[in-house]
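Chemist: Pasting a structure below so you can have a look.
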Amino acid sequence: MAEHPQPDLDRILRSRIGAVTGGISPAALATAYTDWALHLTSAPMRQIDLMRQGGANLLEAYAAAALCPMSGDPGGLCARRASDRRFQGPAWSRPPFNLFANWFLLNQAWWEKATAPLPGLDPAHQRIVSFAARQMLDMLSPSNFATTNPDVLERAQTEHGENFLRGLRNWLEDMNQVITGARTPDPDYTVGETIAVTPGEVVLRNGLIELIRYRPTTARVHAKPILIVPAWIMKYYILDLSPGNSMIAWLRDQGFEVYAISWINPGHEDAELSLQDYLTTGFGAALDHIAPEASDRVHAVGYCLGGTLLAAAAAAMARDGDARLGTVSLLAAQVDFSEPGELSLFINESQVAFLEDIMARQGYLRADQMAGAFRMLRSADLIWSRVIRHYLLGERTEMNDLMAWNSDATRMPARMHSEYLRQMFLENRLAKGRFRVGTETVALSDIRAPIFCLGTEKDHVSPWRSVFKLHLLTDTDVTFCLTAGGHNSGVLSEPGHPHRHYRIRDKTEGQRHIDPETWVETTPEHEGSWWPAWAEWLSARSGADRVAKERRGRSLGAAPGSYVFG
1 MAEHPQPDLD
11 RILRSRIGAV
21 TGGISPAALA
31 TAYTDWALHL
41 TSAPMRQIDL
51 MRQGGANLLE
61 AYAAAALCPM
71 SGDPGGLCAR
81 RASDRRFQGP
91 AWSRPPFNLF
101 ANWFLLNQAW
111 WEKATAPLPG
121 LDPAHQRIVS
131 FAARQMLDML
141 SPSNFATTNP
151 DVLERAQTEH
161 GENFLRGLRN
171 WLEDMNQVIT
181 GARTPDPDYT
191 VGETIAVTPG
201 EVVLRNGLIE
211 LIRYRPTTAR
221 VHAKPILIVP
231 AWIMKYYILD
241 LSPGNSMIAW
251 LRDQGFEVYA
261 ISWINPGHED
271 AELSLQDYLT
281 TGFGAALDHI
291 APEASDRVHA
301 VGYCLGGTLL
311 AAAAAAMARD
321 GDARLGTVSL
331 LAAQVDFSEP
341 GELSLFINES
351 QVAFLEDIMA
361 RQGYLRADQM
371 AGAFRMLRSA
381 DLIWSRVIRH
391 YLLGERTEMN
401 DLMAWNSDAT
411 RMPARMHSEY
421 LRQMFLENRL
431 AKGRFRVGTE
441 TVALSDIRAP
451 IFCLGTEKDH
461 VSPWRSVFKL
471 HLLTDTDVTF
481 CLTAGGHNSG
491 VLSEPGHPHR
501 HYRIRDKTEG
511 QRHIDPETWV
521 ETTPEHEGSW
531 WPAWAEWLSA
541 RSGADRVAKE
551 RRGRSLGAAP
561 GSYVFG
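Be aware that the sequence shown starts at 1, since it is given in the UniProt record's numbering, and climbs by one per residue.
So this is what it looks like as structure tokens:
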């Protein structure tokens, strides 16, 4: 009688827990908390200091409530409250709400001290506990509750409570989307109609990618085309949102022929797609289509995880003597994962094993199982401010193109995502020269193509100091640019975008290394968008312009293709 395989009950249980915790491992949190608690127990001076501060906080909260209106500033608490966006309204200066805000801010400072580094405490565990404490505090902020938020109370009085009825309706709509998984489309932000509308055509399609070509609009074009490798964690049209902020359209209008990879949104049947597949069937297939001859040259551009993939591919090509990459541009992309950025809080052995159990059941990691971690990195802005606006004030945040793109989520195939987390985040193989492409390892120091590397000042995904480490890992010319903004907003910094600035500096092969702080202090700041400086850099390395001509090749359909709708 044939035996039927028994289900792995442990794995099933962990995957069910993951559905409740948003993909966060309780075991990882418990381990960190235990380590912190034991070390705090053995630090009596820290305990005494915390007890002393706890008693002083009560007096300071009342003193500040009384003195702030008279321009007093005991301990800087008045200024801290005024600078916190949650408490900036004039109503927060009146009692008892000023006392609520003061007490919260002082408790926040107390927890910062309580979760500060301790001798012997694992630094990774300290960061996790500190982060978890911030999440708890953000949740308990008096601004999040109707009875302690003066703005909500004033709105309820003015509208006779109708804001709560609208908030309930908003909550029911959102819960329906969570339960059904259905996303309510916004007709003002429809892919292919109002966003991702730059004219183009699909010129290659395989089981992993569609390659989209965008023809230049100028009479003369640069000799080298651009190949954009976006992250597979996102839909490619982050770089082709609206006509006014589309990087793809802007590059096309500068005389570049632009190609962009659109990744498939994997399902259960794609569970065994590997990192190697993304290198060969993805980037490799696109490059072979654009540059079939050994003498062809291409400007390769990688964004976020796409930049990490591109760096590995460039190193492999250098190893194999393939010189088709004329330049390499890495936008907000890490190649060294040793820098403890905020996202690394969620990447440890326990957490990765937990995600692997979830993916083993599904064949992929759903976007919402990743989004929780990203939202918690900025919970005050991305979670609780929305709770206040949508459910307490009864308003809806006005949609924009970036929000529409952000809600158009993608999945991660199980095998590839596991390999990425383990080989890049946990083991840092690419930076250490131990990452394999094919059967052999690759070294970033082999790359000879000039590199343009972009970091963004407020990047919580790819911290710019981590991105800056590319200088230490390569022996080629590197132009580093640091721009205002975050992981997405800093990249989407089209000319004319307000409140933008950047710093840019070349480091040629053989020049001595300088640390990132010295780099910032000694590199002049320029107002405006970094895009023109990048285009000038690309143009200088493009060779002689040529007259625009029709490229041969069969069109497989108009942009944005079909994979983007998956």
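Beta carbons: idealized from backbone N, C-alpha and C, even for Gly.
On the three-state DSSP scale, how would you describe residue 434?
Modeler: Position 434 of the sequence shown, counted from the first residue, corresponds to residue 434. Looking at residue 434 - three-state DSSP - the assignment turns out to be coil, as it is neither helix nor strand.
Chemist: Any idea what DSSP makes of residue 263, helix, strand or coil?
Modeler: To locate residue 263, count along the sequence shown from 1; it is residue 263. Correct three-state label for residue 263: strand.
Chemist: Can you tell me the Cα-Cα spacing of residue 434 and residue 442, whole angstroms?
Modeler: On the sequence shown, residue 434 is found 434 positions in, with the first residue counted as 1. On the sequence shown, residue 442 is found 442 positions in, with the first residue counted as 1. Their backbone Cα atoms lie some 7 Å apart in a straight line.
Chemist: What number of angstroms, rounded off, separates the C-alpha of residue 475 from the C-alpha of residue 320?
Modeler: Here residue 475 refers to the residue found at position 475 of the sequence shown. Here residue 320 refers to the residue found at position 320 of the sequence shown. Cα to Cα, the separation comes out at about 17 Å.
Chemist: Kindly provide the ranges of any alpha helix (DSSP H) runs that are 4 or more residues long and lie completely inside the segment 530–564, ordered along the chain.
Modeler: The qualifying runs are 531–540.
Chemist: Looking at the strands, I want to know which residues DSSP matches up with residue 211.
Modeler: Residue numbering aside, residue 211 sits at position 211 when the sequence shown is read from its first letter. In the DSSP output, where bridge partners are listed per residue, residue 211 has 204, 261.
Chemist: Please determine if the segment 44–60 and the segment 146–166 are in contact, where contact requires at least 3 C-beta pairs separated by less than 8 Å.
Modeler: Not touching, per the Cβ criterion.
Chemist: With distances taken from CA atoms, which of 214, 240, 222 is nearest residue 190?
Modeler: The residue you call residue 190 lines up with position 190 of the sequence shown. For the residues 214, 240, 222, the minimum Cα distance to residue 190 belongs to 240.
Chemist: When you compare the segment 408–428 with the segment 439–455, are there three or more beta-carbon pairs, one atom per stretch, that lie closer than 8 Å?
Modeler: Taking 8 Å as the limit for Cβ pairs, the verdict is that the segment 439–455 does not touch the segment 408–428.
Chemist: Below 9 Å between beta carbons: does that hold for residue 155 and residue 393?
Modeler: Numbered from its first residue, the sequence shown carries residue 155 at position 155. Numbered from its first residue, the sequence shown carries residue 393 at position 393. Going by C-beta atoms, residue 155 is nearer than 9 Å to residue 393.
Chemist: Please identify the residue among 246, 205, 245 whose C-alpha is closest to the C-alpha of residue 284.
Modeler: As a working note, residue 284 is residue 284 in the sequence shown. The residue with the shortest Cα to Cα distance from residue 284 is 205.
Chemist: For the beta strand (DSSP E) containing residue 228, list its first residue and its last residue.
Modeler: Here residue 228 refers to the residue found at position 228 when the sequence shown is read from its first residue. Segment 226–229, the beta strand (DSSP E) holding residue 228.
Chemist: Determine, using beta carbons only, whether residue 586 and residue 328 come nearer to each other than 9 Å.
Modeler: Residue 586 lies beyond the range of the chain shown here (1 to 566); nothing can be said about it.
Chemist: Who does residue 413 pair with in a DSSP beta bridge?
Modeler: Your numbering for residue 413 matches position 413 in the sequence shown. Paired residue(s): 364.
Chemist: Quick check: the segment 486–506 against the segment 454–466, are at least 3 beta-carbon pairs closer than 8 Å?
Modeler: Yes, since at least three Cβ pairs between the segment 454–466 and the segment 486–506 fall closer than 8 Å, the two stretches touch.
Chemist: For residue 195, which residues does DSSP report across the bridge?
Modeler: For the purposes of this step, residue 195 is taken as the residue at position 195 of the sequence shown. Note: residue 195 sits in a beta bridge opposite 191.
Chemist: Opposite residue 507 in the DSSP bridges: which residues?
Modeler: Stepping through the sequence shown from its first residue, residue 507 is reached at position 507. Residue 507 is bridged to 478.
Chemist: So residue 286 and residue 324 are supposed to be a Cβ contact under 8 Å. How far apart are they, rounded?
Modeler: The residue labelled residue 286 in the question sits at position 286 within the sequence shown. The residue labelled residue 324 in the question sits at position 324 within the sequence shown. Between residue 324 and residue 286 the Cβ distance is about 12 Å, and since that is not below 8 Å, they are no contact.
Chemist: So, are the CB atoms of residue 365 and residue 412 less than 9 Å apart?
Modeler: Translated into the one-based positions of the sequence shown, residue 365 becomes position 365. Translated into the one-based positions of the sequence shown, residue 412 becomes position 412. Contact flag set, yes.
Chemist: Find the nearest neighbour of residue 315 within the set 226, 238, 432, 224, judged by alpha-carbon distance.
Modeler: Residue numbering aside, residue 315 sits at position 315 when the sequence shown is read from its first letter. With distances taken between Cα atoms, residue 315 lies closest to 432.
Chemist: Please report the residue range of the beta strand (DSSP E) in which residue 451 lies.
Modeler: As a working mapping, residue 451 is identified with position 451 in the sequence shown. Counting along the chain, the beta strand (DSSP E) containing residue 451 begins and ends at 451–456.
Chemist: In this structure, does DSSP put residue 159 in helix, strand or coil?
Modeler: As a position in the sequence shown, residue 159 is number 159, starting the count at 1. DSSP places residue 159 in helix when its eight states are reduced to three.
Chemist: According to DSSP, is residue 566 helix, strand or coil?
Modeler: Taking the sequence shown and counting its residues from 1, the one referred to as residue 566 is at position 566. DSSP places residue 566 in coil when its eight states are reduced to three.
Chemist: Given a cut-off of 9 Å, decide if residue 507 and residue 471 are closer than it, judged by their beta-carbon atoms.
Modeler: By 1-based counting over the sequence shown, the position of residue 471 is 471. By 1-based counting over the sequence shown, the position of residue 507 is 507. Yes. Within cutoff.
Chemist: Run through the DSSP bridge pairs and tell me what residue 325 is partnered with.
Modeler: The count along the sequence shown starts at 1 and reaches residue 325 at position 325. DSSP output for residue 325 lists 298 as bridge partner(s).
Chemist: What span of residues does the alpha helix (DSSP H) with residue 125 cover, start to end?
Modeler: Counting from 1 along the sequence shown, the entry for residue 125 is found at position 125. Note, residue 125: alpha helix (DSSP H), 123–140.
Chemist: Can you list the beta strand (DSSP E) stretches of 3 or more residues lying completely in the segment 22–63, in chain order?
Modeler: Counting whole runs of 3 or more residues, the segment 22–63 contains no beta strand (DSSP E) stretch at all.
Chemist: With DSSP as the reference, label residue 483 as helix, strand or coil.
Modeler: In the sequence shown, counting from the first residue as 1, residue 483 sits at position 483. The answer is strand: DSSP assigns residue 483 an E or B state.
Chemist: For residue 268, name the three-state secondary structure that DSSP assigns.
Modeler: To locate residue 268, count along the sequence shown from 1; it is residue 268. It is helical.
Chemist: Candidates 528, 27, 387, 221: which alpha carbon is nearest residue 163's?
Modeler: For the purposes of this step, residue 163 is taken as the residue at position 163 of the sequence shown. If we check each option's Cα against that of residue 163, 387 comes out closest.
Chemist: Quick one: is the Cβ of residue 32 within less than 8 Å of any heavy atom of the ligand NAD?
Modeler: No copy of the ligand NAD appears in this structure; indeed no ligand is present at all.
Chemist: So, under 8 Å CB-CB, residue 254 and residue 535 are touching, yes? Tell me the CB distance rounded to an integer number of Å.
Modeler: Counting from one through the sequence shown, the residue named residue 254 turns up at place 254. Counting from one through the sequence shown, the residue named residue 535 turns up at place 535. Between residue 535 and residue 254 the Cβ distance is about 5 Å, and since that is below 8 Å, they are a contact.
Chemist: Under the DSSP definition of a beta bridge, which residues are partnered with residue 303?
Modeler: If you number the sequence shown from 1, residue 303 lands on position 303. DSSP lists 331 as partners of residue 303.
Chemist: Could you check how far apart the C-beta atoms of residue 170 and residue 396 are, in whole angstroms? I think they sit under 8 Å.
Modeler: To locate residue 170, count along the sequence shown from 1; it is residue 170. To locate residue 396, count along the sequence shown from 1; it is residue 396. With 8 Å as the limit, residue 170 and residue 396 qualify as a contact, their Cβ atoms being about 7 Å apart.
Chemist: Inspect the beta-carbon positions of residue 333 and residue 467 and report whether they are closer than 9 Å.
Modeler: Your numbering for residue 333 matches position 333 in the sequence shown. Your numbering for residue 467 matches position 467 in the sequence shown. Yes, the Cβ-Cβ distance between residue 333 and residue 467 is below 9 Å.
Chemist: May I ask which residues mark the beginning and end of the beta strand (DSSP E) holding residue 525?
Modeler: Translated into positions along the sequence shown, residue 525 becomes position 525. Residue 525 -> beta strand (DSSP E) spans 525–527.
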